[in-house]
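>
In the working numbering, the protein residues as written are 105 to 669.
1) Once DSSP output is grouped into helix, strand and coil, what is the label at residue 626?
2) Please return the same chain residues whose Cβ sits closer than 7 Å to the Cβ of residue 162, not counting the five positions on each side in sequence.
3) Using DSSP with H/G/I as helix, E/B as strand and the rest coil, what is residue 274?
4) Rounded to whole angstroms, how far is the Cβ of residue 542 from the Cβ of residue 654, which I believe are closer than 8 Å?
5) Taking the DSSP output, what are the residues bridged to residue 192?
6) If I follow the unbroken alpha helix (DSSP H) through residue 539, where does it start and stop?
7) What separation, rounded to the nearest whole angstrom, lies between the Cα atoms of residue 433 and residue 490?
8) In whole angstroms, what is the alpha-carbon distance linking residue 659 and residue 293?
9) How would you write the range of the alpha helix (DSSP H) that residue 204 sits in, first residue to last?
10) Could you tell me how far apart the beta carbons of residue 206 and residue 301 are, in whole angstroms, since I believe they sit closer than 8 Å?
11) Residue 439 and residue 259 look like a contact to me (Cβ under 8 Å); what is the Cβ gap, rounded to whole Å?
12) Name, in chain order, the residues that DSSP records as bridge partners for residue 281.
13) DSSP puts residue 638 in a beta bridge; with which residues?
14) Roughly how many angstroms separate the alpha carbons of residue 538 and residue 382, rounded to a whole number?
15) Taking all protein chains shown into account, decide if residue 596 is buried (16 or more other Cβ within 10 angstroms of its Cβ) or exposed.
16) Taking just the CA atoms, how far does residue 250 sit from residue 153?
17) Determine the direct distance from the alpha carbon of residue 210 to that of residue 132, and round the result to whole angstroms.
18) Quick check on residue 171 - is its C-beta less than 9 Å from some C-beta in chain C?
19) Quick check on residue 496: buried or exposed, where buried means 16 or more other Cβ atoms within 10 Å of its Cβ?
20) Let's test the definition: count the other Cβ atoms within 10 Å of the Cβ of residue 143 and tell me whether it reaches 16, buried, or not, exposed.
21) Can you tell me which of the three DSSP states residue 412 falls into?
22) Look at the Cβ atom of residue 331, then the Cβ atom of residue 368, and state whether they are nearer than 9 Å.
23) With distances taken Cα to Cα, identify the nearest neighbour of residue 576 among 592, 605 and 582.
24) Do you know offhand how far residue 243's Cα is from residue 319's?
25) Report, in whole angstroms, the separation of the C-beta atoms of residue 418 and residue 448, which I expect to be a contact under 8 Å.
26) Could you give the distance in angstroms between the alpha-carbon of residue 329 and the alpha-carbon of residue 583?
27) Alpha carbon to alpha carbon, how far is residue 113 from residue 106? Give it in angstroms, no decimals.
28) By DSSP's criteria, residue 633 is part of a beta bridge. Which residues make up the other side?
29) Could you pull out every residue in the same chain whose Cβ sits closer than 6 Å to the Cβ of residue 245, ignoring the five residues on either side in sequence?
30) Rounded to a whole number of angstroms, what is the C-alpha to C-alpha distance between residue 504 and residue 309?
31) Are the beta-carbon atoms belonging to residue 200 and residue 509 less than 9 Å from one another?
32) Please report the residue range of the alpha helix (DSSP H) in which residue 473 lies.
33) Run through the segment 293–350 for me and flag every whole beta strand (DSSP E) of 3 or more residues, listed as ranges in chain order.
34) Flag this pair as yes or no: are the beta carbons of residue 626 and residue 414 separated by less than 9 Å?
35) If you draw a straight line from the alpha carbon of residue 268 to that of residue 284, how long is it in whole angstroms?
36) Tell me, to the nearest whole angstrom, how far the beta carbon of residue 66 is from that of residue 396; I am working on the premise that it is less than 8 Å.
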């Protein structure tokens, strides 16, 4: 490769459907491999930056899935041709989504391109994705993604320098003269900046002491599962090198292009290996799993005691000041996505802290954080995070739990039981019906919308298995951002009951094909005698009502969900 190169323009054709969803553009790998397809979308991102593109610094990295390295090399060639001044690229193309956010914020770059389809399967016959994160480190808001999409609909050419070939497997700095101007590519250690941030946030000394044990107290045994996703190098450095956890307690920590055939979604269905390992080895006190790009987490206690993401958020909220970072910053506010169980609302009420309810999508939390109104937030889809970055953060959530456990000196289960005694318990479950026909899924939503708009539905009583619920409110959720006044409409069909119970229906925007119907059930109980009962048993009456109202099985032909969490 010459040290001085020139850009060229390549004619292209428009590909329909390059519309980014809540987390970027996700399609099958084979779609991205089409001639010009990836190049078009990357060019559209850079065009959307406008004047900010020339002379900019951007971060590039991904979750290690198949086609990632090819995409990184294309981005380098296109960025160079478009006047980008510098790229910060994770070694081997690897950067967790939280790490991308952290690096954008630390080095004050114009944003970053993240190569991930998150928790979707990887491999030649699976999924790929590209998303853009803005200069605050968070996912691009609707205004930016809409701009990118509009550009894809009229793009006639893209700029590229085909002869640039940077070895992304080696940590190095490469300087090239592009059209007479300097262009730098920094291949950086994927973990360093993120690890430095974690050590500023948490009490590593207390966590290390917990995990190592002492003469007075046995070591607290953890089992950490990277699901062969991007978190592998982070797990190794943080839990083994920094905290002294034995390597035998760290599993699936080598990023693989197909995630080793695993579906890298940390829930009770897809992380069943972790669940079984926790059940079969009572010596394990704590289990955690992370998704493909490292922004989601699942927390388990001894004997696979499951902490729902809604409860995880509430427990961390109630104990936030045990973490050094929040001792310094104070607690500015809590937030949850609308479908997430309302457990954190009760913590907020007791602590007299503002609690926000926002649509699904981390960008809504980001606005509140940028305005200094939010410290901790979470989604029922196994995402928890804080204002240290502008993405959810799986390893952060795991370290937060270990910091709280180290300070309280209690087991995971005891922490939950004590929490419920103070606040009551929000039983919560989500039913996912994946890869439904789009037409069938739309019929389910239309069925529910028709029912809730019927005169007299508000105030109606609905019954199942000797349980009766009175409808208090029913609508298609809309949100007005308290920071910028922007509107988000049609964010999910809600049925709210007088006792605080809720049924919510949404179509997911994170799949690459078909439609996923999500049914969320949330029921509050303040009777201590039921706190340890199985959530599915407690929630069965509401589930029955939700399925009957929607006629889901009739419209889809599905007798059971793909995943229950």
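Idealized CB from N, CA, C, for every residue including glycine.
In this structure, then:
1) Mapped onto the chain shown, residue 626 falls at position 522. In the structure shown, residue 626 sits in a strand (DSSP, three-state: E or B).
2) In the chain shown, residue 162 corresponds to position 58, counting from 1. Around residue 162: 183, 188, 191, 213, 214, 215, 216 and 217.
3) The residue you call residue 274 lines up with position 170 of the chain shown. It is coil, neither helix nor strand.
4) Taking the chain shown and counting its residues from 1, the one referred to as residue 542 is at position 438. Taking the chain shown and counting its residues from 1, the one referred to as residue 654 is at position 550. Not really, about 16 Å apart at Cβ, beyond 8 Å.
5) By 1-based counting over the chain shown, the position of residue 192 is 88. According to DSSP, residue pairing for residue 192 in a beta bridge involves 163 and 290.
6) Sequence index remark: in the chain shown, residue 539 carries index 435 (1-based). Unbroken run through residue 539 is the beta strand (DSSP E), 529–540; no alpha helix (DSSP H).
7) Looking up residue 433 in the chain shown gives position 329. Looking up residue 490 in the chain shown gives position 386. Their Cα atoms are separated by approximately 11 Å.
8) Looking up residue 659 in the chain shown gives position 555. Looking up residue 293 in the chain shown gives position 189. Going by the C-alpha atoms only, they are around 50 Å apart.
9) Taking the chain shown and counting its residues from 1, one reaches residue 204 at position 100. Here the alpha helix (DSSP H) through residue 204 covers 201–211.
10) For the purposes of this step, residue 206 is identified with residue 102 of the chain shown, where counting begins at 1. For the purposes of this step, residue 301 is identified with residue 197 of the chain shown, where counting begins at 1. Right, their Cβ atoms sit about 5 Å apart.
11) The residue given as residue 439 occupies position 335 in the chain shown. The residue given as residue 259 occupies position 155 in the chain shown. That belief does not hold up - the Cβ atoms of residue 439 and residue 259 are roughly 37 Å apart, past 8 Å.
12) For the purposes of this step, residue 281 is taken as residue 177 along the chain shown, with counting starting at 1. Residue pairing of residue 281 in beta bridges, as defined by DSSP: 108 and 286.
13) Here the question's residue 638 lines up with position 534 in the chain shown. Residue 638 is not bridged to any residue.
14) Within the chain shown, numbered from 1, the residue matching residue 538 stands at position 434. Within the chain shown, numbered from 1, the residue matching residue 382 stands at position 278. The alpha-carbon separation between residue 538 and residue 382 amounts to approximately 27 Å.
15) Taking the first residue of the chain shown as 1, we reach residue 596 at position 492. Buried: at least 16 other Cβ atoms inside 10 Å.
16) Here the question's residue 153 lines up with position 49 in the chain shown. Here the question's residue 250 lines up with position 146 in the chain shown. About 12 Å.
17) On the chain shown, position 28 is the one that residue 132 refers to. On the chain shown, position 106 is the one that residue 210 refers to. When rounded, the distance between both Cα atoms is 33 Å.
18) No chain C appears in this structure, which consists of one protein chain only.
19) For the purposes of this step, residue 496 is identified with residue 392 of the chain shown, where counting begins at 1. Around the Cβ of residue 496, a 10 Å sphere holds 16 or more other Cβ atoms; the residue is buried.
20) By one-based count along the chain shown, residue 143 stands at place 39. By the C-beta density criterion, residue 143 is buried, having at least 16 other C-beta atoms within 10 angstroms.
21) Against the chain shown, residue 412 aligns to sequence position 308. In the three-state scheme derived from DSSP, where H, G and I count as helix and E and B as strand, residue 412 is classed as coil.
22) In the chain shown, the residue the question calls residue 331 occupies position 227. In the chain shown, the residue the question calls residue 368 occupies position 264. Cβ distance < 9 Å, so residue 331 and residue 368 count as in contact.
23) Numbered from 1 along the chain shown, position 472 holds the residue referred to as residue 576. The shortest Cα separation from residue 576 among 592, 605 and 582 belongs to 605.
24) Looking up residue 243 in the chain shown gives position 139. Looking up residue 319 in the chain shown gives position 215. Between residue 243 and residue 319, the C-alpha separation is close to 47 Å.
25) The sequence position of residue 418 within the chain shown is 314, counting from 1. The sequence position of residue 448 within the chain shown is 344, counting from 1. Rounded, the Cβ-Cβ distance is 4 Å, consistent with contact.
26) The residue you call residue 329 lines up with position 225 of the chain shown. The residue you call residue 583 lines up with position 479 of the chain shown. One C-alpha to the other measures close to 36 Å.
27) Taking the chain shown and counting its residues from 1, one reaches residue 106 at position 2. Taking the chain shown and counting its residues from 1, one reaches residue 113 at position 9. Caution is warranted here: a pLDDT of 47 is assigned to residue 106, below 50, making its placement in the model unreliable, and no coordinate value can be reported.
28) Taking the chain shown and counting its residues from 1, the one referred to as residue 633 is at position 529. As far as DSSP is concerned, residue 633 takes part in no beta bridge.
29) For the purposes of this step, residue 245 is identified with residue 141 of the chain shown, where counting begins at 1. These residues qualify, in order along the chain: 467.
30) Residue numbering aside, residue 504 sits at position 400 when the chain shown is read from its first letter. Residue numbering aside, residue 309 sits at position 205 when the chain shown is read from its first letter. Going by C-alpha positions, residue 504 is about 13 Å away from residue 309.
31) Against the chain shown, residue 200 aligns to sequence position 96. Against the chain shown, residue 509 aligns to sequence position 405. No, these two residues do not count as a Cβ contact at 9 Å.
32) Position 369 of the chain shown, counting from 1, holds the residue named residue 473. Looking at the DSSP string, the run of the alpha helix (DSSP H) that includes residue 473 is 466–474.
33) The segment 293–350 contains these whole beta strand (DSSP E) runs: 326–329.
34) Numbered from its first residue, the chain shown carries residue 626 at position 522. Numbered from its first residue, the chain shown carries residue 414 at position 310. Contact check for residue 626 against residue 414 passes: the beta carbons are separated by less than 9 Å.
35) As a first step, residue 268 must be located in the chain shown, where it is residue number 164. As a first step, residue 284 must be located in the chain shown, where it is residue number 180. Their backbone Cα atoms lie some 15 Å apart in a straight line.
36) Residue 66 is absent from the structure shown; the chain starts at 105 and stops at 669.
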